[in-house]
Amino acid sequence: QIIHLEDYRPTDFVLERVDLTFELDPKETKVEARLILHRREGVDASAPLVLDGDELVMTGLLLDQEELAATLYDVTDDTLTIRGLPEAAPFEVTITTLLSPETNTKLMGLYRTNSVYCTQCEAEGFRRITYFPDRPDVLAVYTVNIIADKKSAPLLLSNGNYLGGADMGDGRHFAAWFDPHPKPSYLFALVAGDLGVVEDTFTTLSGRDVALKIYVEHGKEPRASYAMDALKRSMKWDEDAFGREYDLDIFMIVAVSDFNMGAMENKGLNVFNDKYVLADPETATDADYANIEAIIAHEYFHNWTGNRITCRDWFQLCLKEGLTVYRDHEFSADMRSRAVKRIAEVRHLKSEQFPEDAGPLAHPVRPTKYREINNFYTTTVYEKGSEVTRMLATILGRDLFKKGMDLYFERHDGQAVTIEDFIACFAEVSGRDLSQFSLWYHQAGTPLVTASGVYDAAKQTFTLSLEQTVPATPGQSAKEPMHIPLRMGLLLEDGAEADLSSVTGADITGDVLHLTERKQTVVFSGITSRPVPSFNRGFSAPINLHIEQSDDDLALIARHESDLFARWQALNAIALANLVSATADVRAGKSVTVERALIDGLIGAAADDTLEPAFRSQALSLPSEADIAREIGADNDPDAIHTARQQVLKAIAVTGRETFLRLADEMASKAAFSPDAESAGRRALRNAALTYLVHGEDNPARAAEAFAAADNMTDLSHALALLAHRFPDAPETAQALATFRKRFADNALVIDKWFAVQATIPGAGTLDRIKTLMTEPLFNGNNPNRVRSLIGSYAFANPTGFNRADGEGYRFLAKQILDIDPRNPQLAARILTSMRSWRSLEDVRAGHARNALKEIVSATKLSADVSDIVERMLKA
Ligand code: ARG
Ligand code: ZN
Numbered sequence: 007q008i009i010h011l012e013d014y015r016p017t018d019f020v021l022e023r024v025d026l027t028f029e030l031d032p033k034e035t036k037v038e039a040r041l042i043l044h045r046r047e048g049v050d051a052s053a054p055l056v057l058d059g060d061e062l063v064m065t066g067l068l069l070d071q072e073e074l075a076a077t078l079y080d081v082t083d084d085t086l087t088i089r090g091l092p093e094a095a096p097f098e099v100t101i102t103t104l105l106s107p108e109t110n111t112k113l114m115g116l117y118r119t120n121s122v123y124c125t126q127c128e129a130e131g132f133r134r135i136t137y138f139p140d141r142p143d144v145l146a147v148y149t150v151n152i153i154a155d156k157k158s159a160p161l162l163l164s165n166g167n168y169l170g171g172a173d174m175g176d177g178r179h180f181a182a183w184f185d186p187h188p189k190p191s192y193l194f195a196l197v198a199g200d201l202g203v204v205e206d207t208f209t210t211l212s213g214r215d216v217a218l219k220i221y222v223e224h225g226k227e228p229r230a231s232y233a234m235d236a237l238k239r240s241m242k243w244d245e246d247a248f249g250r251e252y253d254l255d256i257f258m259i260v261a262v263s264d265f266n267m268g269a270m271e272n273k274g275l276n277v278f279n280d281k282y283v284l285a286d287p288e289t290a291t292d293a294d295y296a297n298i299e300a301i302i303a304h305e306y307f308h309n310w311t312g313n314r315i316t317c318r319d320w321f322q323l324c325l326k327e328g329l330t331v332y333r334d335h336e337f338s339a340d341m342r343s344r345a346v347k348r349i350a351e352v353r354h355l356k357s358e359q360f361p362e363d364a365g366p367l368a369h370p371v372r373p374t375k376y377r378e379i380n381n382f383y384t385t386t387v388y389e390k391g392s393e394v395t396r397m398l399a400t401i402l403g404r405d406l407f408k409k410g411m412d413l414y415f416e417r418h419d420g421q422a423v424t425i426e427d428f429i430a431c432f433a434e435v436s437g438r439d440l441s442q443f444s445l446w447y448h449q450a451g452t453p454l455v456t457a458s459g460v461y462d463a464a465k466q467t468f469t470l471s472l473e474q475t476v477p478a479t480p481g482q483s484a485k486e487p488m489h490i491p492l493r494m495g496l497l498l499e500d501g502a503e504a505d506l507s508s509v510t511g512a513d514i515t516g517d518v519l520h521l522t523e524r525k526q527t528v529v530f531s532g533i534t535s536r537p538v539p540s541f542n543r544g545f546s547a548p549i550n551l552h553i554e555q556s557d558d559d560l561a562l563i564a565r566h567e568s569d570l571f572a573r574w575q576a577l578n579a580i581a582l583a584n585l586v587s588a589t590a591d592v593r594a595g596k597s598v599t600v601e602r603a604l605i606d607g608l609i610g611a612a613a614d615d616t617l618e619p620a621f622r623s624q625a626l627s628l629p630s631e632a633d634i635a636r637e638i639g640a641d642n643d644p645d646a647i648h649t650a651r652q653q654v655l656k657a658i659a660v661t662g663r664e665t666f667l668r669l670a671d672e673m674a675s676k677a678a679f680s681p682d683a684e685s686a687g688r689r690a691l692r693n694a695a696l697t698y699l700v701h702g703e704d705n706p707a708r709a710a711e712a713f714a715a716a717d718n719m720t721d722l723s724h725a726l727a728l729l730a731h732r733f734p735d736a737p738e739t740a741q742a743l744a745t746f747r748k749r750f751a752d753n754a755l756v757i758d759k760w761f762a763v764q765a766t767i768p769g770a771g772t773l774d775r776i777k778t779l780m781t782e783p784l785f786n787g788n789n790p791n792r793v794r795s796l797i798g799s800y801a802f803a804n805p806t807g808f809n810r811a812d813g814e815g816y817r818f819l820a821k822q823i824l825d826i827d828p829r830n831p832q833l834a835a836r837i838l839t840s841m842r843s844w845r846s847l848e849d850v851r852a853g854h855a856r857n858a859l860k861e862i863v864s865a866t867k868l869s870a871d872v873s874d875i876v877e878r879m880l881k882a
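Letter by letter, the sequence shown follows residues 7 to 882 of full-length UniProt numbering.
Right, here's the structure in full:
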C-alpha cells in the first residue's frame with residue numbers, strides 16, 4: 007500500500023486531550039487510553055472515527071463510559087473503526103489494550119531493554135500502544151499515569167512536568183506526568199526501571215531554572231558527564247544563535263542499550279542509544295565524543311524544530327530533520343573548528359548521500375510517496391535536507407536567514423506545517439521568489455555542474471562556461487535547472503584574488519555566483535593575469551563539479567585559497583584523480599604512477615605548522631575505496647581499487663617518512679587526556695602519520711608498539727585497526743585482539759569497536775572471521791548495535807571483503823537479512839541498503855548481487871520495510 011502526498015487531508019475528528027494509564031508488566035502491560043474528541047466542523051455526521059493500531063489486543067472499549075455495542079465498531083489488523091458518534095458534542099473514547107513489552111523485538115512501541123521499559127514512537131510506534139489517530143498533525147495535551155512494581159521500577163518517567171506520585175501499598179507505586187504542550191503521538195515517551203542519574207541545572211535566558219537529568223545504568227554515571235556538558239552548551243547555544251529557550255521545568259535524557267536509531271527527541275524526555283551518551287577516555291574515541299556532542303545537540307534542538315513546530319505529515323520529515331541537522335552542524339562548527347567540521351560533513355555527505363542519490367533508492371528531500379515511512383529516515387532527508395537549509399542561508403545571507411527563522415518560529419509555533427510554509431517565511435522576509443530554489447526539495451539526484459574557463463589576456467577577461475544537469479532518478483526522468491549558489495574565487499599567480507564585481511552573465515553577491523540556467527556564460531572583466539578558478543568554497547552547494555584543472559592549478563588552490571575547506575577540496579581532487587588512474591593502471595596490469603603533485607601536496611600540508619593539526623590530518627587522509635568507486639561510477643572492481651590505494655599510500659609513506667616520523671613525535675601528548683577539539687586534532691594528526699609509517703614498513707612492530715603504549719581509546723582503537731587491517735594474520739594482531747577483548751569484555755560499546763575492526767579487515771577471508779564472531783558469546787543478534795557493528799560494518803565498510811568476486815558476501819547478507827527481518831524489520835531494512843550501489847559493480851559481481859536480492863524478494867514472509875527496499879533496488 008502506497009501513501010501519496012496529494013491524498014493528504016485533515017482528520018475528521020479533533021483530538022482535544024489524552025489521558026493514559028499504564029499498568030506495567032513485562033508480559034502483560036495494561037494500557038487504558040481516554041481520548042476526548044469532537045467532530046471537525048463541516049464533517050459529515052455519519053463519518054466514523056478510524057483509529058490506527060498495530061499488533062494490539064483490545065480488552066475494553068467504552069464510549070462516554072458506556073460499553074460500546076459490537077455493531078458500532080470494527081477491528082481489523084491495523085484499524086479500529088467506531089460509528090454512531092455524536093454530531094457535534096465532544097465525546098470520550100476509552101480503550102484498553104494489553105501489550106507484551108518483553109517480546110516486542112521490533113523496538114517500536116513499548117518494549118524492554120535490559121529490564122527497563124521504554125518507548126519509541128516515531129514514526130508510527132504509538133499505534134502499537136493503543137488505537138489512536140497516529141499521525142503528526144494530531145496535536146493533543148497528554149496526562150500520563152504510570153503504575154509499576156516499586157522494586158524493579160523505582161523510576162517512572164514520561165513527558166512534561168511531574169505531577170506527583172504515591173505508594174499503592176501492594177508493592178507497586180504510581181507517578182503522574184502532565185505535558186502542557188500539545189504534541190503529536192510520535193513524541194510520546196515512557197520510561198520505567200531502575201537507573202542511575204546525573205543531575206544538573208540550567209538557567210534560561212529569561213531566568214527560569216530547568217532541572218537536567220541524564221539516566222544511565224547504575225555504575226555508568228561518570229560516563230554521562232560529557233553528555234551533560236554538551237547538553238548545557240546546546241541549551242545556551244540555541245538561545246544565543248536562534249533565540250530559542252527551553253519551555254518545561256525539567257529536561258531528561260535516558261540512555262538505553264537496545265535502540266534502532268541514534269536517539270529520539272520525545273518532548274522533555276529524550277531517549278538515546280547509549281552509544282551516544284556514554285564516554286570516558288578509556289572507552290570512547292574522539293569521534294565518539296564528537297558524535298555525542300552533535301546528537302545531544304540535535305535532539306535538544308528538536309524541541310523547537312520538530313516539537314514546538316512539527317510536521318503536517320511524514321512527507322515533511324525534512325522540515326524537522328534537515329533543519330535540525332543544519333542547526334547541529336552549526337553548533338558543532340561553533341564548538342570546534344569550522345573548516346574541519348565542514349570537511350567531515352562533506353566527506354560524510356559524499357560517502358553516504360551521494361551514492362543514495364545516484365542509485366535505485368534515490369528520492370527527493372521531500373518525497374511524494376512512500377510505502378514504509380521508516381525507510382525514509384535517510385541521509386537524503388537528513389543530510390541533503392541540511393545542505394538545502396544551508397543553501398537557503400547562503401542565498402539570503404545571515405541576517406535575512408535569521409529574520410526568516412524568527413518569522414517561522416513566531417508564525418508556526420504550536421502548528422504542524424509543510425515545507426511550503428517554511429519557505430514562505432524566507433520568501434516573505436527577503437522579497438525573493440524562491441520557487442526555483444524549492445526544486446531542491448522536489449528533484450532527486452545530485453546535480454552535475456561542468457565548468458570551463460578561457461582567459462583573454464588582451465581583453466583582460468575571463469569567460470566561464472557553466473552547464474548544469476540533474477541526472478534522472480526513479481520516477482523522475484526530466485529535470486528543471488536548479489538555483490545553485492556556488493561560492494567561488496579567482497586566484498591569481500601570486501595567491502592574490504581577482505575582484506569579481508565586474509561581471510556579466512550571472513548574479514554574484516559577495517563570492518556567491520548564482521547559477522540558475524541550464525547553460526550560463528559568465529564573463530569577468532579587469533582580470534590582469536590568467537586566474538585559477540576555485541569553485542564551491544565551503545561546499546556551498548551539494549553538487550558534483552567537473553572542471554578540467556591541472557595539478558598545478560589545484561596545487562595553487564591547495565596552497566593559497568583563503569577558504570580552508572577549498573584547500574582540502576583541491577588536495578582531495580588531486581588525490582582522487584590519481585587514485586582513479588592508479589586503479590586503471592592496476593586493472594591494466596601496469597605499475598601505478600603516483601603524481602608528484604599528490605605527494606608534495608599532502609606532505610606539504612602535513613608539515614605546515616601554521617595550519618591546525620586537525621586540518622592537516624584531514625589533508626593526509628586519502629579518499630576511501632568507496633570514494634574512488636563512486637568517482638569511477640561504473641564497472642567497479644573493488645579489489646583493483648584496494649590494490650591501487652594501498653600502493654599510493656605506500657608511495658606517500660616512503661617519500662614522507664621523515665615528516666611522518668617528526669609528526670608522530672611532535673604530536674605525542676604530554677598532558678593528561680582531554681576530549682577537546684584541539685587535543686583531538688593532535689591525536690588525529692599523529693595517528694595519520696602512524697598510518698603512513700605502518701604502511702611504509704613490512705612488519706607490525708610500530709603498530710604493536712602504538713597499541714601497547716596507548717592510554718586512551720582513540721589511540722588504542724587506531725592501533726588495533728592498523729594491526730588488523732595491515733597485518734591481519736600476524737601473531738601481534740591476534741595478541742592485540744585477544745588483549746582488547748579481555749580488557750573490555752564487560753563493555754558492550756567497546757566490544758562493538760572490536761567487532762567492527764575485524765569486520766572491516768580487507769579481503770575475501772573476512773567472511774569466515776565474521777561467521778566465527780557471530781558464535782562468540784559477546785555477540786547478540788537481537789541488539790541493533792552489535793548487529794550493526796559486525797554485519798553492518800562488513801556490508802557498509804568493507805568493499806573487498808563484502809564484494810567478494812564469488813558473491814558469497816551477498817549471499818551471507820541475504821541470509822542475515824532474512825534472519826533479522828522477522829524480529830526487527832527496521833534493522834534488517836537499514837542494513838540491506840548497503841547494497842544500494844550494486845549496479846555500479848562489474849558484471850560478475852553485479853550478477854551475484856542481483857541473485858542475492860532476488861533470493862530476498864522471493865522469500866515467503868517479508869516485512870513491508872525489507873520488501874520496499876529490495877523491490878526498489880531491483881527495479882530497473
Ligand atoms: N527523530 C529521530 C532523530 O533524528 C530519529 C527517529 C527515527 N526513528 C525511526 N523509527 N525511524 O533525531
Ligand atoms: Zn532528528
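Idealized CB from N, CA, C, for every residue including glycine.
Shortest Cα-Cα distance from W243 to any of K189, D334, I220, E227 involves D334.
Restricting attention to A725, H701, L78, the CA atom closest to the CA of A709 is found in A725. The beta carbons of V756 and A727 sit no closer together than 9 Å. The Cβ atoms of N705 and F666 lie no closer than 9 Å to each other. In the three-state reduction of the DSSP assignment, E61 falls in the coil class. A contact is defined here as three or more CB-CB pairs under 8 Å, and the stretch 221 to 241 meets this definition with respect to the stretch 281 to 300. At the C-beta level, Q449 and E486 come within 9 Å of one another. Our two residues, A712 and E288, have alpha carbons roughly 15 Å apart in a direct line. Of E29, G274, T85, G544, the smallest CA-CA separation from S164 is found for G274.
DSSP links S441 through a beta bridge to no other residue.
Between I533 and L496, the CB-CB gap stays under 9 Å.
In this structure, N266 has its CB closer than 8 Å to one or more heavy atoms of ligand 1. Out of E130, V598, D292, A39, the CA that lies nearest to the CA of V99 is found in A39. With a beta-carbon spacing of about 5 Å, L57 and L86 fall inside the 8 Å limit used to define contacts. Between T806 and G769, the beta carbon gap of about 6 Å places them in contact (Cβ cut-off 8 Å).
Within the same chain, Cβ atoms closer than 7 Å to the Cβ of D155 are found at G177, R178, the five residues on either side in sequence being excluded.
Shown here for T27: same chain residues with a beta carbon closer than 6 Å to its own, the five before and five after excluded, namely E38, N151 in chain order. Per DSSP, reduced to three states, the secondary structure at K408 is helical. Beta bridge pairing from DSSP links V423 with C317. Annotated three-state conformation of I135 is coil, per DSSP.
Annotation for E637: the continuous alpha helix (DSSP H) segment containing it runs 631 to 638. Sorting G328, G171, K112 by C-alpha distance to the C-alpha of D871 places K112 at the top.
Between Q555 and M488, the beta carbon gap of about 23 Å keeps them out of contact (Cβ cut-off 8 Å). At least 9 Å separates the beta-carbon of S343 from that of A579. Under a 10 Å Cβ-count criterion, S52 is classified as exposed, with fewer than 16 other Cβ atoms of the shown protein chains found around its own Cβ. Between M234 and V204, the alpha-carbon positions lie close to 8 Å from each other.
Taken through DSSP and simplified to helix, strand or coil, I8 comes out as coil. Between A730 and L743, the CB-CB gap stays under 9 Å. Residue environment: G853 is assigned as exposed (fewer than 16 neighbouring CB atoms within 10 Å of its CB, all protein chains considered). The three-state reading of DSSP puts N279 in strand, counting E and B together. Residue environment analysis places A75 among the exposed positions, since fewer than 16 neighbouring C-beta atoms fall within 10 angstroms of its C-beta. For S840, the three-state secondary structure derived from DSSP is helix. For the pair M64 and D80, the Cα-to-Cα distance works out to about 12 Å. For P805, the secondary structure class from DSSP, reduced to helix, strand or coil, is helix. Where T125 is concerned, the enclosing beta strand (DSSP E) starts and stops at 122 to 126. As for any alpha helix (DSSP H) of minimum length 4 sitting wholly inside the stretch 741 to 807, the runs are 754 to 765, 772 to 779, 790 to 793, 799 to 803, ordered along the chain.
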